[in-house]
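The next block holds one structure in the form of structure tokens; read it before the comments.
Residue numbers (this note's numbering): 41 to 336.
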């Protein structure tokens with residue numbers, strides 16, 4: 041189980057706040073073309089690279105080269121199978137992707153400042169309310185994306201009920217897990233206010249990008265760096281990014297090929313982005329879950 045440092049917690053907390061406020065300001069003053077480039081670059085770099093070291097996380101403490109090769113092949117096979125399922129059963133795959141992501145996002149945010157990994161149901165419910173809030177403020181875009189991916193049409197009322205139910209579940213499980221979570225409530229309350237502002241003011245992709253990069257991916261990179269190479273510093277970050285680079289390049293090429301194969305069915309937009317993200321999310325969630333359960 042990963043240990044936390046109060047000093048690093050404060051630095052990370054400050055970074056998230058400053059980065060988020062900066063993004064909100066950019067959203068006000070920059071034209072849409074520049075915003076799309078900025079947020080896309082953030083997601084393609086930090087968002088993808090935070091999952092690019094999954095193979096190294098899997099084989100930590102295994103020194104055989106065979107482990108790298110075999111685990112890489114198994115990882116790629118799982119991504120291909122998930123991609124196939126996504127296009128064969130789009131609605132079911134989309135639902136499972138969101139359910140996996142709910143737990144993964146909740147787990148990451150609530151283990152940034154604390155060792156606790158024993159509140160799984162709360163993590164899931166918190167992730168659910170994150171998605172519910174994002175969808176609530178961007179109903180039209182979400183309805184369009186779901187319709188394009190799955191030919192299923194959602195009603196506006198669905199988002200209202202989803203937010204109500206997820207709020208009740210989150211509050212209930214927060215009360216039940218209060219002793220496990222109380223040490224970080226001040227941090228998280230302020231972050232939740234920031235999330236609410238971002239989701240209510242930015243469009244779907246921009247809002248998701250802010251959360252995905254600053255609240256999720258970068259904290260995860262810090263955590264993975266510590267797990268693989270020791271306390272985060274310039275040297276350990278360099279090792280992390282060098283080891284992740286080949287997999288990151290492969291993922292970018294995969295996204296490009298993804299576009300070439302499916303561009304006739306989908307526009308190169310949020311539909312392709314979320315489809316590709318789903319394919320690499322499932323194995324990544326399992327890898328990170330195991331990492332957080334492993335002592336260092």
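In this text, a Cβ means the ideal position worked out from N, Cα and C, and glycines have one as well.
Specify the secondary structure class of residue i as computed by DSSP and reduced to three states.
| i | result |
| --- | --- |
| residue 104 | Note on residue 104: pLDDT 48, under 50, position unreliable in the model; the coordinate value appears next. If DSSP states are grouped into helix, strand and coil, residue 104 belongs with coil. |
| residue 150 | coil |
| residue 91 | coil |
| residue 270 | coil |
| residue 172 | helix |
| residue 257 | helix |
| residue 243 | coil |
| residue 72 | helix |
| residue 140 | helix |
| residue 184 | helix |
| residue 99 | coil |
| residue 229 | helix |
| residue 281 | helix |
| residue 308 | Because the pLDDT of residue 308 is 47, which lies under 50, any placement of that residue in the model is unreliable, and the number read from its coordinates should be weighed accordingly. Reduced to three states, the DSSP call for residue 308 is coil. |
| residue 213 | helix |
| residue 191 | coil |
| residue 219 | helix |
| residue 275 | helix |
| residue 159 | coil |
| residue 178 | coil |
| residue 145 | helix |
| residue 55 | helix |
Are the beta-carbon atoms of residue i and residue j separated by less than 8 Å?
| i | j | result |
| --- | --- | --- |
| residue 229 | residue 199 | no |
| residue 144 | residue 261 | no |
| residue 138 | residue 172 | no |
| residue 152 | residue 84 | no |
| residue 124 | residue 238 | no |
| residue 206 | residue 169 | yes |
| residue 231 | residue 56 | yes |
| residue 37 | residue 276 | An answer regarding residue 37 cannot be provided, because it is not within the stretch 41 to 336 covered by the chain. |
| residue 82 | residue 249 | yes |
May I have the straight-line CA-CA distance separating residue i from residue j, to the nearest angstrom?
| i | j | result |
| --- | --- | --- |
| residue 196 | residue 135 | 18 Å |
| residue 141 | residue 257 | 13 Å |
| residue 279 | residue 287 | 14 Å |
| residue 122 | residue 297 | 16 Å |
| residue 162 | residue 211 | 9 Å |
| residue 182 | residue 149 | 23 Å |
| residue 265 | residue 120 | 27 Å |
| residue 54 | residue 128 | 43 Å |
| residue 190 | residue 131 | 5 Å |
| residue 224 | residue 214 | 12 Å |
| residue 254 | residue 235 | 11 Å |
| residue 114 | residue 332 | 21 Å |
| residue 74 | residue 187 | 27 Å |
| residue 219 | residue 98 | 31 Å |
| residue 64 | residue 330 | 34 Å |
| residue 221 | residue 295 | 38 Å |
| residue 285 | residue 293 | 12 Å |
| residue 201 | residue 208 | 11 Å |
| residue 281 | residue 89 | 8 Å |
| residue 77 | residue 133 | 28 Å |
| residue 300 | residue 193 | 27 Å |
| residue 273 | residue 69 | 34 Å |
| residue 80 | residue 62 | 16 Å |
| residue 263 | residue 271 | 9 Å |
| residue 180 | residue 242 | 13 Å |
| residue 227 | residue 167 | 17 Å |
| residue 321 | residue 184 | 22 Å |
| residue 338 | residue 146 | With the chain running from 41 to 336 in the structure shown, residue 338 is simply not present. |
| residue 96 | residue 259 | 18 Å |
Compute the beta-carbon to beta-carbon distance between residue i and residue j, rounded to the nearest angstrom, for a pair I have assumed lies under 8 Å.
| i | j | result |
| --- | --- | --- |
| residue 244 | residue 165 | Contact doesn't hold; Cβ gap of about 22 Å is too wide. |
| residue 324 | residue 94 | 6 Å |
| residue 217 | residue 283 | That belief does not hold up - the Cβ atoms of residue 217 and residue 283 are roughly 35 Å apart, past 8 Å. |
| residue 87 | residue 252 | 5 Å |
| residue 67 | residue 246 | 6 Å |
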